[in-house]
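Each residue of the sequence shown is one higher than the last, beginning at 0 in numbering that gives the first Met the number 0. Glycine included, each C-beta is placed from N, C-alpha and C at the ideal position. A quick note: this is a predicted structure, and the numbers were derived from the prediction, not measured.
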Amino acid sequence: MHKGHYKENSLMALTQRYSRLHLVVLMMALLFLSGCVSIPMQPDNERVQQLKQMRTWTVKGRISLKTPKENFIANLLWRQQEKGYLIRIYNNLGQTYAQISQTGSSMITLEFDKKKYHGKNAQKLLKAILGWDLPIKEMAEWIKGYNLSKRSSSKKNENGTLRSLSYKNWFVDFNRYAQYKKRILPTQIELKNTDILLKISIHDWKFE
0 MHKGHYKENS
10 LMALTQRYSR
20 LHLVVLMMAL
30 LFLSGCVSIP
40 MQPDNERVQQ
50 LKQMRTWTVK
60 GRISLKTPKE
70 NFIANLLWRQ
80 QEKGYLIRIY
90 NNLGQTYAQI
100 SQTGSSMITL
110 EFDKKKYHGK
120 NAQKLLKAIL
130 GWDLPIKEMA
140 EWIKGYNLSK
150 RSSSKKNENG
160 TLRSLSYKNW
170 FVDFNRYAQY
180 KKRILPTQIE
190 LKNTDILLKI
200 SIHDWKFE
């Protein structure tokens with residue numbers, strides 16, 4: 000008699016436990032889906048004009064860079080201004096691995112391994128010193144989710160945001176977006192060509 004009651008109570012407790020588990024899973028799924036659909040539709044012309052006007056902004060996040068010679072993860076600070084920029088790659092202790100900047104003039108400065116290098120083309124300078132053939136000029140637009148070049152092809156999501164684009168030998172995927180002060184901006188971007196795989200994860204957008 001007591002054993003029967005014990006088995007019955009155990010079964011009821013187990014059923015309640017699984018019911019609670021299913022409820023938690025269901026709530027998490029609903030929250031995930033609500034997060035996916037929370038980004039509103041935006042007219043294409045309005046979005047393009049909005050991104051064009053974003054000339055001063057700051058991004059903070061993480062990068063994962065993989066080339067035939069190296070593979071590492073680091074922090075990213077990208078501060079863009081109308082007449083210049085600063086891109087800093089650093090570790091969790093705040094120590095700078097590399098920094099490239101342009102202030103006002105056409106001269107570009109790359110700081111790496113306690114040395115300074117100068118040039119007039121950021122992509123060529125990065126390739127010569129670090130071996131990174133990165134299209135910095137185009138990336139300044141891609142990071143906003145904006146396709147500037149007419150020589151590239153792109154695909155869009157249902158809400159008008161860029162889903163992917165191809166430019167020369169580059170393929171860019173925009174895997175996630177978030178809304179910042181009525182602006183829909185990328186938070187996860189993946190860039191790749193035959194030699195480089197660069198993943199950018201953004202956790203903070205600031206702009207004027």
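Going by C-alpha positions, I201 is about 19 Å away from F170. Of F71, Y84, K68, A177, the smallest CA-CA separation from W56 is found for Y84. Look at E45 here: in three-state DSSP terms it is helix. Check the Cα spacing between K181 and each of L129, L125, F206: the tightest is with F206.
The beta carbon of G103 sits closer than 7 Å to those of K82, G83, all from its chain and outside the five residues before and after it, given in chain order. In the DSSP assignment, L133 falls outside any beta strand (DSSP E) and carries neither an H nor an E. Counting only the Cα atoms, N70 lies some 15 Å from D132.
A residue is called buried once 16 or more other Cβ atoms fall within 10 Å of its Cβ, and K136, having fewer, is exposed. Each of L109, I88, L129, Q52 was checked against the Cα of Q80, and the nearest Cα belongs to Q52. In this structure the stretch 189-204 touches the stretch 156-170; the number of beta carbon pairs closer than 8 Å is three or more.
Q79: member of the beta strand (DSSP E) spanning 70-80, first to last residue. Cα atoms of K115 and E157: separation of roughly 45 Å, rounded to the nearest angstrom. The shortest C-alpha to C-alpha distance from L164 to any of I142, A177, A73 is the one to I142.
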